[in-house]
Amino acid sequence: MSRSVPVELAVTLDRAAATALPQQLAGALRDRVRDGELRPGVRLPSTRDLARQLRVSRAVVQAAYDQLHAEGWLLGRVGAGTYVADVGGADTPTRPATPPRQRATAARVVSLRPGVPLAETRPHPTWRRAWREVSASVPPAGYPDPLGLVELRAAVCEYLGRARGVACRPDEVMITTGTSHGWQLLLDAVLTDARRIGVEDPGYRKAVAAVRRAGRELVDVPVDRDGLIVDALPRDGALAAVYTTPAHQFPLGGRLPAGRRYALLDWARRHRSLIIEDDYDSEFRYDVAPLPALAQLDRASVVYLGTASKTLGPALRIGWLVADADVVARLAAFRSEVNDLPAWPVQRALLALFRDGHVDQTVRRVRRTYLDRCRRVCAALAPYGEIVGEDAGLHVNLLLPDAATEARVCAIAATNGVEVDALSDLRRSASGPRGLVVGYGANSDADLDYALATLVAALREGR
0 MSRSVPVELA
10 VTLDRAAATA
20 LPQQLAGALR
30 DRVRDGELRP
40 GVRLPSTRDL
50 ARQLRVSRAV
60 VQAAYDQLHA
70 EGWLLGRVGA
80 GTYVADVGGA
90 DTPTRPATPP
100 RQRATAARVV
110 SLRPGVPLAE
120 TRPHPTWRRA
130 WREVSASVPP
140 AGYPDPLGLV
150 ELRAAVCEYL
160 GRARGVACRP
170 DEVMITTGTS
180 HGWQLLLDAV
190 LTDARRIGVE
200 DPGYRKAVAA
210 VRRAGRELVD
220 VPVDRDGLIV
230 DALPRDGALA
240 AVYTTPAHQF
250 PLGGRLPAGR
260 RYALLDWARR
270 HRSLIIEDDY
280 DSEFRYDVAP
290 LPALAQLDRA
300 SVVYLGTASK
310 TLGPALRIGW
320 LVADADVVAR
330 LAAFRSEVND
340 LPAWPVQRAL
350 LALFRDGHVD
360 QTVRRVRRTY
370 LDRCRRVCAA
380 LAPYGEIVGE
390 DAGLHVNLLL
400 PDAATEARVC
410 AIAATNGVEV
420 DALSDLRRSA
430 SGPRGLVVGY
440 GANSDADLDY
450 ALATLVAALR
460 EGR
């Protein structure tokens, strides 16, 4: 078959099915690549031709093609059409009903780590254009501004005001390499006299590690399914700051209710403490629109940490911090002293991506992908325990009856080449249910299918 001539595709779509038409079409094409019916290099029909053949809108075909492009199954050649990618091993079906037991010695290991986003398999045209702009721009003559490019800070202000309801000025924004970096800067430059720092328990391990690395006393603040328990905060004014994830508590997935939000801010004002708001994946809510940020309610008491890692990828290493202008000025002075300055080319590229709408487009596109994956994970795991935190983010929790079951399931899955976090590994002193923290953002569909089959087998055996 000539690779320059599009193949004919016999695909049947069921308009009465619960699965959306783009997902049906993407699944059918994905299966044919896996089964070897569509070989690497084969050219597919144009979106217009396939839409006419299937009697659907062109948007249905475009959405399916976009999904398969993002997953790496298809390649687009400018002016030449859409082709099947060489995914390696796609000829062999990858959905074993009962996975083999000796996976620890096999090369294939699938990680279900939470918080890791889907990696792009090919550069987006807007991404390429952004870096062309960087290469054609003249870098600053001296060291970069310790706050970051003023144009980028203005773009962040516009984005946060529109997407998160946070009204801020460029002099209240600092460009960082991510939320962990912003937190470390606060510990090193602002919270220098703080003895005790509160962090949610269970919570983000890197936030805990930063407190310990800074030599401060860590205070575990318990959470429940709604998020941080404000009534559990000390009333003696001894906490200088509390690190929290109110939009989507990590890892339980709670959404801090309005009453607790105001109670937390009132606690911070009365004790002159800072609230460190980690807004790490607020873009990905599947039930309602993203909730307003704490920083929208009280800018004086809240330092806001945001990142592009969950949307554009962690390899970019860029994020932002929003705080009172005096706090930001102290951070800038510290950065200048230690020469911890943001990289100009990455900032310049992110500015172009904001300006061209790439960030918003990416959020809309991957949100659909993550919602579909969340539903698949929940459907596979729900018979074996209670699902918690499925309304947002890149992971869900599967609650299990006891620690022994949790340990057995994790061990069996690891033996078969699937790494999954135990919920108890994220606890420090607080008691609570045991379970699995199952991330679904990073892997290909084939790997996710394998991991779910492996996990289901482990759950059956572990019980």
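One point on numbering: in numbering that gives the first Met the number 0, the residue at position 131 of the sequence shown is 130, and numbering is uninterrupted.
The C-beta atom is built at its ideal place from N, Cα and C for all residues, glycine as well.
Quantities reported herein were computed from a predicted structural model and do not represent experimental measurements.
Under the Cβ criterion (8 Å, minimum of three pairs), the stretch 222 to 235 counts as touching the stretch 262 to 272. Taking every protein chain shown into account, the CB of residue 179 has 16 or more other CB atoms within 10 angstroms, so this residue is buried.
Between residue 381 and residue 455, the gap from beta carbon to beta carbon reaches 8 Å or more. The three-state reading of DSSP puts residue 221 in strand, counting E and B together. The DSSP-derived three-state label of residue 238 is strand. Taken in chain order, the unbroken stretches of alpha helix (DSSP H) that lie wholly in the stretch 226 to 306 and span 4 residues or more are 257 to 270, 293 to 296.
Beyond the five residues adjoining it in sequence on each side, residue 47 comes within less than 7 Å, by CB distance, of 57 in the same chain, given in chain order. Per DSSP, residue 419 lies in no alpha helix (DSSP H) and is assigned neither H nor E. Counting C-beta pairs closer than 8 Å gives three or more between the stretch 184 to 198 and the stretch 328 to 340, which meets the contact rule.
In this structure, the straight-line span from the alpha carbon of residue 444 to that of residue 375 is close to 10 Å. One Cα belongs to residue 389, the other to residue 286, and the distance between them is close to 9 Å. In this structure, residue 176 places its C-beta atom within 8 Å of the C-beta atom of residue 318. For the options 404, 452, 348, 410, the alpha carbon positioned closest to that of residue 432 is the one of 404. Remark: three or more beta-carbon pairs, one from each stretch, lie closer than 8 Å, so the stretch 10 to 28 and the stretch 65 to 72 are flagged as touching. Residue 323 has no beta-bridge partner at all, per DSSP.
Contact between residue 436 and residue 422 holds, since their C-beta atoms are separated by about 6 Å, short of 8 Å. In the displayed model, residue 108 falls within coil according to three-state DSSP, outside both helix and strand. For residue 394, the pairing in a beta bridge is given by DSSP as 438.
Counting only residues of its own chain and dropping the five nearest sequence neighbours on each side, residue 226 has a CB closer than 7 Å to the CB of 245, 248, 253, 254, 255, 259. Residue 401 and residue 204 have their C-alpha atoms some 22 Å from each other. According to DSSP, residue pairing for residue 318 in a beta bridge involves 175, 306. When 153, 426, 19, 418 are compared, the shortest CA-CA separation from residue 60 is found for 19.
Residue 257 has its alpha-carbon roughly 33 Å from the corresponding atom of residue 212. Scanning its chain for C-beta atoms nearer than 7 Å, with the 5 sequence neighbours on each side dropped, one finds around residue 344 the residues 133, in chain order. By the Cβ-count criterion, residue 372 is buried, with 16 or more other Cβ atoms from all chains shown falling within 10 Å of its own Cβ.
Less than 8 Å divides the Cβ of residue 341 from the Cβ of residue 143. With fewer than 16 other CB atoms across the displayed protein chains lying within 10 angstroms of its CB, residue 157 is exposed. When the beta-carbon positions are compared, residue 238 and residue 196 come within less than 8 Å of each other. Around the beta carbon of residue 434, a 10 Å sphere encloses 16 or more other beta carbons of the protein chains shown; the residue is thus reported as buried. Separation of residue 110 and residue 141 (C-alpha to C-alpha, rounded to the nearest whole angstrom) is 43 Å.
In this model, residue 42 and residue 119 are separated by some 21 Å (Cα to Cα). Residues of the same chain with a CB within less than 6 Å of the CB of residue 166, apart from the 5 flanking positions on each side, are 160 in chain order. Here residue 392 is buried, its C-beta having at least 16 other C-beta atoms within 10 Å. With 16 or more other CB atoms across the displayed protein chains lying within 10 angstroms of its CB, residue 169 is buried.
For residue 198, the uninterrupted beta strand (DSSP E) run begins and ends at 195 to 200, by DSSP. If the five residues before and after residue 461 are omitted, its C-beta is found closer than 7 Å to the C-beta atoms of 404, 407, 408, 411, all from its own chain and listed in chain order.
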